Amino acid sequence: MNILSAVLFVLFIVLVSASVTDKLLEIPLLEVGETWNYMYSLLANSSPYFYIFLGIFGIVGFLGKRLLFEPLDRVRLLGDVGYQADGKWDMKEIVNSVRKRRLVGEIPPVYPNGWFGLTESFRIKKGESKNISVLGLNLAVFRDEKGEAHVLDAYCPHLGANLSVGGKVVGDCLECPFHGWRFRGHDGKCTYIPYAETIPDIAKVKSWPSMEINGWIYMWHHAEGLDPNWTPPEVPEITNGSYTYRGRTEHIINCHIEEVPENGADVVHLRHVHEPSIAAGTDLDKMWNILWSFSHHTWSASWEPHAAPEEHVSTLTLSHSMKFFGKRLAPLDLKVSARQIGPGIVYLDFVSLFGKGVFIHNLTPIEPMVQRLVHNIYVSWTYPTFVAKFFMLGEAIQVERDIMIWNNKKYIDKPMFVKSKEDSVIARHRRWYSQFYSENSPRLKFQKEALDW
Ligand code: FES
Ligand SMILES: [Fe+2]
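Taken in order, the sequence shown gives residues -18 to -1, 1 to 435; the numbers are from mature numbering (1 follows the signal peptide of the UniProt record, and there is no 0).
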């Protein structure tokens, strides 16, 4: 579909360009066999306006193609969004200063139990490995020669080299770059030592339970070492190709992991954080500017945990509409059903005038108070790419407002809830989320951030 659209678009550009050239500049259309003469006379005789026109046309064509056909890729790292600029300090200094001064609060354990997205599948090709640090672990993630992905501890037990930095994939093993020991992806067992005849039983690295689904490589993390008791379900429309990929956003967030899913149960914040039009931007200080008051978003939401055997799942049901000068613009209505699956995965199914689609949301702790949040959007064929991208951009702007709250807030262990349906949902969410912590779940030992940015 996308290739066909791109071909049609290029044809369109060529035809428009030929006809504009013909009509405005009175240069005849190209005939076969006259290419060189035509090019020569064009270069020799054209006025400067022709070149200006051509330049502008080229730029517009290039930007138009990007906008209309290429998937979105919006990456916002720490400091790009979510901090208050003061016009004097460099943003890096502001971020470091806020992180140092910030009170973290009595936070729950920092790495919950569950499946976590490590990386998008397309980032690791057959025979490649990648070093990934998440959940306080240093991992070597590789794709074997048959295409299966594996997750091993990164450090070689021989002398400590990092298997994924210079390591080589051989069959279903990863070979250490230092002295050539090979470790099997499935179980981490050493299968080959180039200079020894026998391989000791203890020669192995930890192999983490992993799976690949919906365009992501996941690993299972459990503080008590328990095996997975649930798995992220497949989204059939992604697997069978009836939904196509239209982009991604990536955000690095400075907060405890639970703050992000808790947002789904926090109905009141929708009015205060997400009501101003996305045109008003991401800065909480500026988004209430009267300039943008002619339009705003309205939301209604409810959150419910699922019953056994799906107790690790909860659903946020959301209705969105957009008002301009007080009038609802029906084409922008949106019905969303966001399934939170375990501590860090959300499938956000949506239906609008343009068709159906899903956001796959993966939230993974890369440090105790630093999370990586990635959204991938897939939509039905009825969705024009630029609409899907606009929708994704709107979602990203809304998330960036949340990030400004998350990056600066303190976690309140015993919140001052008032007697209300709204606050009681947040309390229920906290009880629900606590199932992902266990006795040995790692806790933050120091209040001070370990790393400067
Ligand atoms: S450190 Fe890996 S083989 Fe020696
Ligand atoms: Fe929010």
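Here a beta-carbon is modelled for each residue, glycine too, at the ideal position from N, C-alpha and C. As the structure is a computational prediction, the values presented were derived from the model and not from experiment.
Can you tell me where the beta strand (DSSP E) holding residue i begins and where it ends?
i           : result
residue 302 : 295 to 306
residue 122 : 119 to 125
residue 358 : 352 to 362
residue 224 : Per DSSP, residue 224 belongs to no beta strand (DSSP E) and is neither H nor E.
residue 134 : 131 to 135
residue 102 : 96 to 102
residue 116 : 111 to 116
residue 343 : 337 to 349
residue 317 : 316 to 323
residue 150 : 150 to 152
residue 158 : Looking at the DSSP string, residue 158 is not in any beta strand (DSSP E), and its letter there is neither H nor E.
residue 200 : 198 to 203
residue 193 : 192 to 195
Kindly list the residues whose CB is nearer than 6 Å to the CB of residue i, restricted to its own chain and excluding five residues on each side of it in sequence; keep chain order.
i           : result
residue 241 : 388
residue 429 : Annotation note: pLDDT 49 at residue 429 (below 50); position unreliable, coordinate value reported separately. Correct list, in chain order: 86.
residue 99  : 198, 200, 344 and 346
residue 332 : 316, 318 and 339
residue 415 : 240
residue 145 : 122, 136, 138, 156 and 158
residue 176 : 162
residue 325 : 94, 96 and 418
residue 247 : 285, 407, 408 and 411
residue 226 : none
residue 185 : 172
residue 120 : 136
residue 229 : 53, 54, 359, 371 and 374
residue 350 : 92 and 426
For residue i, which three-state DSSP category applies?
i           : result
residue 370 : helix
residue 52  : coil
residue 417 : helix
residue 212 : coil
residue 331 : strand
residue 218 : helix
residue 380 : helix
residue 168 : coil
residue 425 : coil
residue 393 : strand
residue 284 : strand
residue 311 : coil
residue 83  : helix
residue 243 : helix
residue 435 : Because the pLDDT of residue 435 is 49, which lies under 50, any placement of that residue in the model is unreliable, and the number read from its coordinates should be weighed accordingly. It is coil, neither helix nor strand.
residue 23  : helix
residue 271 : coil
residue 140 : coil
residue 445 : Any property of residue 445 remains undetermined from this structure, which presents the chain solely from -18 to 435.
residue 238 : coil
residue 42  : helix
residue 60  : strand
residue 31  : helix
residue -18 : A caution first: residue -18 carries a pLDDT of 46, below 50, which makes its placement in the model too unreliable to give a value.
Say the cut is 7 Å; is the CB of residue i nearer than that to a heavy atom of ligand 2?
i           : result
residue 245 : yes
residue 468 : Here the chain has residues from -18 to 435 only, and residue 468 is not among them.
residue 328 : no
residue 251 : yes
residue 256 : yes
Are the C-beta of residue i and some C-beta of chain B separated by less than 8 Å?
i           : result
residue 287 : Here chain B cannot be found, since the structure has a single protein chain.
Near residue i, which residues of its chain fall below 7 Å by C-beta distance, leaving aside the five closest residues on each side in sequence?
i           : result
residue 385 : 63, 64, 233 and 235
residue 337 : 361, 362, 364 and 365
For residue i, is the beta carbon positioned less than 7 Å from some heavy atom of ligand 1?
i           : result
residue 99  : no
residue 143 : yes
residue 163 : yes
residue 160 : yes
residue 138 : yes
Assuming residue i is part of the alpha helix (DSSP H), what are its boundary residues?
i           : result
residue 254 : 250 to 255
For residue i, which residues of its own chain have a beta-carbon under 8 Å away from its beta-carbon, when the five flanking residues on both sides are left out?
i           : result
residue 45  : none
residue 417 : 293 and 294
residue 141 : 160 and 161
residue 129 : 108
residue 421 : 205 and 206
Item to complete: Report yes or no: do the region 160 to 171 and the region 65 to 80 share at least 3 C-beta pairs separated by less than 8 Å?
Response: no
Worksheet item: How do the region 296 to 306 and the region 314 to 329 stand: do at least 3 beta-carbon pairs fall below 8 Å, yes or no?
Response: Yes, the region 296 to 306 touches the region 314 to 329.
Fill in: Touching by the beta-carbon criterion (3+ pairs, under 8 Å), the region 268 to 277 and the region 88 to 98
Inter-segment contact for the region 268 to 277 and the region 88 to 98 is absent: fewer than three beta-carbon pairs are separated by less than 8 Å.
Worksheet item: Is the number of C-beta pairs between the region 372 to 380 and the region 47 to 58 that are closer than 8 Å three or more?
Response: yes
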